[in-house]
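Participant: Using the numbering used here, the first residue of the sequence shown is number 299, and each one after it goes up by one.
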Amino acid sequence: MIKIISGEFKGRLLKAPKNIRPILAQIKKSVFDILNPYINDCLFLDLYAGSGAVGIEAISRGAKFCIFVEKERDSLKCLSENVISLDCQRRCYIIKANILKDLIWIEKTKRVLYEKFKKETLDIIFVGAPYVEKKFDEYFVPKRILANYSTPTIELIFNSQLLSKDGLIVVQHSKKEIVNTEKFFCFRKEQYGDTVVSFFRIS
Numbered sequence: 299m300i301k302i303i304s305g306e307f308k309g310r311l312l313k314a315p316k317n318i319r320p321i322l323a324q325i326k327k328s329v330f331d332i333l334n335p336y337i338n339d340c341l342f343l344d345l346y347a348g349s350g351a352v353g354i355e356a357i358s359r360g361a362k363f364c365i366f367v368e369k370e371r372d373s374l375k376c377l378s379e380n381v382i383s384l385d386c387q388r389r390c391y392i393i394k395a396n397i398l399k400d401l402i403w404i405e406k407t408k409r410v411l412y413e414k415f416k417k418e419t420l421d422i423i424f425v426g427a428p429y430v431e432k433k434f435d436e437y438f439v440p441k442r443i444l445a446n447y448s449t450p451t452i453e454l455i456f457n458s459q460l461l462s463k464d465g466l467i468v469v470q471h472s473k474k475e476i477v478n479t480e481k482f483f484c485f486r487k488e489q490y491g492d493t494v495v496s497f498f499r500i501s
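1) Contact defined as beta carbons within less than 8 Å: I believe Gly465 pairs with Ile422. What is the distance between those atoms, to the nearest angstrom?
2) What residue range is occupied by the uninterrupted alpha helix (DSSP H) comprising Gln324?
3) Check for me: the alpha helix (DSSP H) holding Thr449 runs from which residue to which?
4) Alpha carbon to alpha carbon, what distance is there between Asn338 and Asp400?
5) Which residue from Pro315, Ile476 and Asn334 puts its Cα closest to that of Glu379?
6) With DSSP run on the structure shown, which of helix, strand or coil describes Arg442?
7) Near Val410, which residues of its chain fall below 7 Å by C-beta distance, leaving aside the five closest residues on each side in sequence?
8) Does DSSP put Glu587 in a helix, a strand or coil?
9) Where do the N-terminal and C-terminal ends of the alpha helix (DSSP H) with Val411 fall, by residue?
10) Give every residue of the same chain whose Cβ lies closer than 8 Å to the Cβ of Ser472, excluding the five residues on either side of it in the sequence, and list them in chain order.
11) Return helix, strand or coil for Arg486, following the three-state DSSP convention.
12) Is DSSP giving Val272 helix, strand or coil here?
13) Name the one or two DSSP bridge partners that Phe307 has.
14) Kindly indicate which three-state DSSP category Ser260 falls into: helix, strand or coil?
15) For the 8 Å Cβ check, are there 3 or more pairs between the stretch 324-338 and the stretch 379-389?
16) Under the DSSP definition of a beta bridge, which residues are partnered with Ser496?
Structure, rendered in structure tokens:
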């Protein structure tokens with residue numbers, strides 16, 4: 299179970315699917331302390347949402363609306379149950395999609411934003427891509443490399459023009475993963491053990 303740290307739903311517990319790595323409470327608290335000046339009435343996007351713990355924390359702290367994108371069935375079930383248990387369905391929208399393959403989620407996101415708010419961009423986008431190690435053979439020497447989902451995801455965000463002019467992208471990633479893009483400017487990094495959280499603005 300995951301606890302909501304602050305705001306309207308402070309102390310409420312969220313279900314978490316098995317076999318995923320939920321964001322640690324220490325990291326979540328630190329991230330939202332940094333985001334605190336920007337959260338109230340923002341439009342928030344939670345990518346690779348899992349249980350929805352990050353987006354729901356944003357809603358609890360005053361975000362106007364959150365869109366969640368997730369592909370795994372178990373995670374989607376927990377996410378939906380969490381939203382219903384808090385009775386915040388009117389402030390949430392869930393999209394089932396593989397973020398780097400099923401690009402229909404971009405069109406759906408823009409449609410929902412336009413229908414509800416007459417705009418097509420978001421104020422804060424959180425990218426919590428999984429840390430996945432893959433086998434790699436070079437000259438028949440087996441080794442493992444970390445799959446980098448974060449960089450192509452933020453490149454996709456830029457090319458899709460999903461972020462507002464003054465918006466922020468927050469990327470949680472492994473310290474082994476190099477998140478590098480010329481599209482956005484990284485203005486802050488925080489490290490928590492093996493996890494790094496990088497904050498980006500439009501260059």
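C-beta atoms are modelled at their ideal positions from N, C-alpha and C, and glycine is treated no differently.
Facilitator: Well, looking at it:
1) Contact check for Gly465 and Ile422: beta-carbon distance about 6 Å, within the 8 Å limit, so the pair qualifies.
2) Per DSSP, Gln324 is one residue of the alpha helix (DSSP H) stretching across Ala323 to Ile337.
3) Residues Ser448 to Asn457.
4) One C-alpha to the other measures close to 30 Å.
5) Ranking the options by Cα distance to Glu379, first place goes to Pro315.
6) In this predicted model, Arg442 has a pLDDT of only 49, less than 50, meaning its place in the structure is not dependable enough to derive any value.
7) For Val410, where only same-chain residues beyond five positions count, the Cβ hits under 7 Å are Ile365 and Tyr391.
8) Nothing in the structure corresponds to residue 587, since the chain is present only between 299 and 501.
9) The displayed chain sequence assigns Leu, not Val, to residue 411. Where Leu411 is concerned, the enclosing alpha helix (DSSP H) starts and stops at Ile402 to Phe415.
10) For Ser472, where only same-chain residues beyond five positions count, the Cβ hits under 8 Å are Tyr429, Leu444, Asp492, Thr493 and Val494.
11) Strand at Arg486.
12) Because the chain in this structure spans residues 299 to 501, residue 272 falls outside the shown range and cannot be described.
13) Residue pairing by DSSP places Phe307 in no beta bridge whatsoever.
14) The structure shown does not extend to residue 260, since the chain is modelled only from 299 through 501, so no value can be given for it.
15) Segments in contact, no.
16) Val469 and Lys487, per the DSSP bridge assignment.
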